[in-house]
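J.:
Residue numbers (our numbering), protein chains in the order written: chain A, 1 to 137; chain Y, 138 to 507.
1) Can you give me, in chain order, the residues of the region 351-385 of chain Y that have a beta carbon less than 7 Å from any beta carbon in chain A?
2) Please identify, using Cβ separations under 8 Å, the residues of the region 75-109 of chain A that lie next to chain Y, in order along the chain.
3) Taking Cβ-Cβ distances below 8 Å as the criterion, which residues of the region 43-68 of chain A are in contact with chain Y?
4) Could you check the C-alpha separation between residue 506 (chain Y) and residue 485 (chain Y) for me, to the nearest Å?
5) Short check: CB of residue 70 (chain A) to CB of residue 88 (chain A), under 7 Å?
6) Quick one: which residues of the region 466-481 of chain Y get their C-beta closer than 7 Å to a C-beta of chain A? List them in chain order.
7) Is it buried or exposed, residue 552 (chain Y), if we count other Cβ atoms within 10 angstroms and call 16 or more buried?
8) List the endpoints of the continuous beta strand (DSSP E) containing residue 35 (chain A).
9) Look at residue 228 (chain Y) and residue 382 (chain Y) and say whether their C-beta atoms are less than 7 Å apart.
10) Within 10 angstroms of the Cβ of residue 238 (chain Y), are there 16 or more other Cβ atoms? Answer buried if so, exposed if not.
11) Identify which residue in Y:243, Y:262, Y:297 and Y:343 has its Cα closest to the Cα of residue 253 (chain Y).
12) Is any beta-carbon of chain A found at less than 7 Å from that of residue 192 (chain Y)?
13) What alpha helix (DSSP H) runs, 4 residues minimum, are completely inside the region 171-229 of chain Y?
14) Tell me the DSSP bridge mates of residue 393 (chain Y)?
15) In its own chain, which residues sit with a C-beta less than 6 Å from the C-beta of residue 489 (chain Y), not counting the 5 before and 5 after it?
16) What does the alpha-carbon distance come out to for the pair residue 445 (chain Y) and residue 355 (chain Y)?
17) Which of helix, strand or coil does DSSP assign to residue 1 (chain A)?
18) With 7 Å set as the bound, which would you pick, yes or no: does the beta-carbon of residue 170 (chain Y) sit closer than that to a beta-carbon of chain A?
19) If distances are taken between C-alpha atoms only, which option among A:93, A:53, A:75 and A:40 comes closest to residue 66 (chain A)?
20) Is it true that the CB of residue 103 (chain A) sits closer than 7 Å to the CB of residue 15 (chain A)?
21) Provide the residue(s) that pair with residue 241 (chain Y) in DSSP beta bridges, ordered along the chain.
22) If you draw a straight line from the alpha carbon of residue 290 (chain Y) to that of residue 189 (chain Y), how long is it in whole angstroms?
23) State whether the region 377-395 of chain Y contacts the region 416-425 of chain Y, with contact taken as three or more CB pairs (one from each stretch) at a distance under 8 Å.
24) Write down the C-beta distance between residue 304 (chain Y) and residue 361 (chain Y) rounded to the nearest angstrom, noting that I regard them as a contact closer than 8 Å.
25) Give me the DSSP bridge partner(s) of residue 55 (chain A).
26) Counting only beta-carbon separations shorter than 7 Å, does residue 253 (chain Y) have a partner in chain A?
27) In chain order, what residues of the same chain lie with their CB nearer than 6 Å to the CB of residue 193 (chain Y), ignoring the 5 residues before and after it?
28) If you count every other CB in all the chains shown that lies within 10 Å of the CB of residue 422 (chain Y), and 16 or more means buried, which is it?
29) Would you call residue 156 (chain Y) buried or exposed, if buried means 16 or more other Cβ atoms sit within 10 Å of its Cβ?
30) Quick check: the Cα distance between residue 85 (chain A) and residue 171 (chain Y), rounded to an integer number of angstroms?
31) With distances taken Cα to Cα, identify the nearest neighbour of residue 394 (chain Y) among Y:316, Y:404, Y:411 and Y:405.
32) Helix, strand or coil: which one does DSSP assign to residue 142 (chain A)?
33) Closer than 9 Å by beta-carbon distance: list the chain A residues that pair up with residue 311 (chain Y), in chain order.
34) Would you kindly work out how many angstroms separate the C-alpha atoms of residue 499 (chain Y) and residue 487 (chain Y), rounded to a whole number?
Structural data, given as structure tokens:
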């Protein structure tokens, strides 16, 4: 679900539609946008505090076979929440292997690539500071 | 006192129409898109998210466009929007130890595990205007890359000092923190509440408070033990699932300061800490927050209250919020006709009384008046 939550706008829906026609479903909870309070910890490890909120869109649906899919995704794109919930539901059916290869694997690869690209740029800015010996010492 | 006034609807509509026209500016110049603001004015977007206290880059970019670049007005728009959102829940505290660092520097150790990573910084630039940016040109060449290994966790600097017992620890604790957005700020404010207020406080105000500690008002000798900027995953327990899932990823700036030590008869001297954590790439704010956090901890650390503004929680916390401040400040330009009318009456009456007394005195002692 983490991959679905972090995917770029429209990406999950695109991959899902490329994998085949969408199954019929009923809404259990239509997509709604709200917020989640994000917490940090004092000193990075200590007592929690409320840092601020982020926008989140959630929904829940049930396929005709009765399988329930949930989505909680960052941002406000309702179509993405719907696609994410469908993927979540399909992953619990006999189509799981197909969805894994056609939706989740590409998302995983793209996320890894994005992360690696930033990490590689960061690594290129890694420095060694030299403390110079001062003349008068 | 407020009284309702009627009228002026047409003038207000016309003023807003003119505002929209001025916002757009010269139509021969292409219009800014939300994506352009989000991508190319990212640090403004970050500030609006941090002080608006809502992480959503597209909304912050929209607010900046709507406010014509007035960031406090943009923060106001975000705060107002935030209040319309239902709250789904609270995340687990973010694990900054697992941050994918774009930047990570320490001013206290030059050789440290994980290394000094400069990241996309203004540091070491010459602060000379770059006229190449004024000419529309091609995109800059891609930044050099090094290695293709998966990013590894970068350990916190304070962890090294902890191993030797040289710095106070921040033991994990799961006390639910108070929430400023649910309960009004009350004093004495515990540290969790202070950190929330500082994280959403005005950058300029928090910066000035921090600077005052450096200049000697509650000096606490801060070193930037560590400054890190990068992405962290946000996890939340989902009740209908019964377990926690990642619901997104946000960029944060975290600053840990290492400050002058305290010690007592029972405790050997050790360094103390200040903490800053802010949405987005916002390092000036995060460093400022850490310094002010440390100054406000004087009581728990057994330091003297020197009367410095940065030690005064009431002063800092009640004046850090730029939306509260601007609301109260700007309301004085709204109609106060009745208030002012009564003041006017009062001044006239006082003047009349003074004049009457002077006239009466002059009538009694005609020679004194000459």
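Glycine included, each C-beta is placed from N, C-alpha and C at the ideal position.
T.: Put simply:
1) So the list reads 370, 371, 373, 375, 377, 378, 382, 383, 384 and 385, given in the order they occur along the chain.
2) If the cut-off is 8 Å between Cβ atoms, the region 75-109 of chain A has 75 and 76 near chain Y.
3) Within the region 43-68 of chain A, the qualifying residues are 43, 44, 45, 46, 47, 48, 49, 50, 51, 52, 53, 54, 55, 56, 58 and 60.
4) In this prediction, residue 506 (chain Y) has a pLDDT of 49, which is less than 50 and means its spatial position is unreliable; nothing more can be read from the coordinates.
5) Less than 7 Å separates the beta-carbon of residue 70 (chain A) from that of residue 88 (chain A).
6) For the region 466-481 of chain Y, which is checked against every Cβ of chain A, not one residue is closer than 7 Å.
7) The structure shown does not extend to residue 552 (chain Y), since chain Y spans only 138 to 507, so no value can be given for it.
8) It spans 25-41 - the beta strand (DSSP E) in which residue 35 (chain A) sits, taken as one unbroken run.
9) Taking 7 Å as the Cβ cut-off, residue 228 (chain Y) and residue 382 (chain Y) do not qualify as a contacting pair.
10) By the neighbour-count rule (16 or more Cβ atoms within 10 Å), residue 238 (chain Y) is buried.
11) Among Y:243, Y:262, Y:297 and Y:343, the Cα nearest to that of residue 253 (chain Y) belongs to Y:243.
12) Closer than 7 Å to some Cβ of chain A, the Cβ of residue 192 (chain Y) qualifies, so yes.
13) Considered as a whole, the region 171-229 of chain Y harbours 171-177, 179-189, 194-203 and 208-219 as its complete alpha helix (DSSP H) runs of no fewer than 4 residues, in chain order.
14) Residue 393 (chain Y) pairs with Y:363 and Y:412.
15) Around residue 489 (chain Y): no qualifying Cβ.
16) One C-alpha to the other measures close to 6 Å.
17) When DSSP states are grouped into helix, strand and coil, residue 1 (chain A) belongs to the coil group.
18) No - not a single Cβ of chain A is within 7 Å of the one on residue 170 (chain Y).
19) Looking at A:93, A:53, A:75 and A:40, the one whose alpha-carbon comes closest to that of residue 66 (chain A) is A:93.
20) Going by C-beta atoms, residue 15 (chain A) is nearer than 7 Å to residue 103 (chain A).
21) Within the DSSP bridge table, the entry for residue 241 (chain Y) names Y:254 and Y:365 as partners.
22) Rounded to whole angstroms, residue 290 (chain Y) to residue 189 (chain Y) spans 30 Å at the Cα level.
23) Result yes; three or more Cβ-Cβ pairs closer than 8 Å.
24) Not quite, the Cβ-Cβ distance comes to about 14 Å (not below 8 Å), so this is no contact.
25) For residue 55 (chain A), which the question treats as bridged, DSSP gives the partners A:35.
26) Closer than 7 Å to some Cβ of chain A, the Cβ of residue 253 (chain Y) qualifies, so yes.
27) The answer is none, since no qualifying residue turns up.
28) Burial is judged here by how many other beta carbons sit within 10 angstroms of a residue's own beta carbon; residue 422 (chain Y) has at least 16 and is buried.
29) Exposed is the call here.
30) Those two C-alpha atoms are separated by around 28 Å.
31) Residue 394 (chain Y) has its Cα closest to that of Y:411, out of Y:316, Y:404, Y:411 and Y:405.
32) Residue 142 (chain A) lies beyond the residue range present for chain A, which begins at 1 and ends at 137; the question has no answer from this structure.
33) Against chain A, the beta carbon of residue 311 (chain Y) has neighbours under 9 Å at 47 and 48, listed in chain order.
34) Rounded to whole angstroms, the gap between the alpha carbons of residue 499 (chain Y) and residue 487 (chain Y) is 18 Å.
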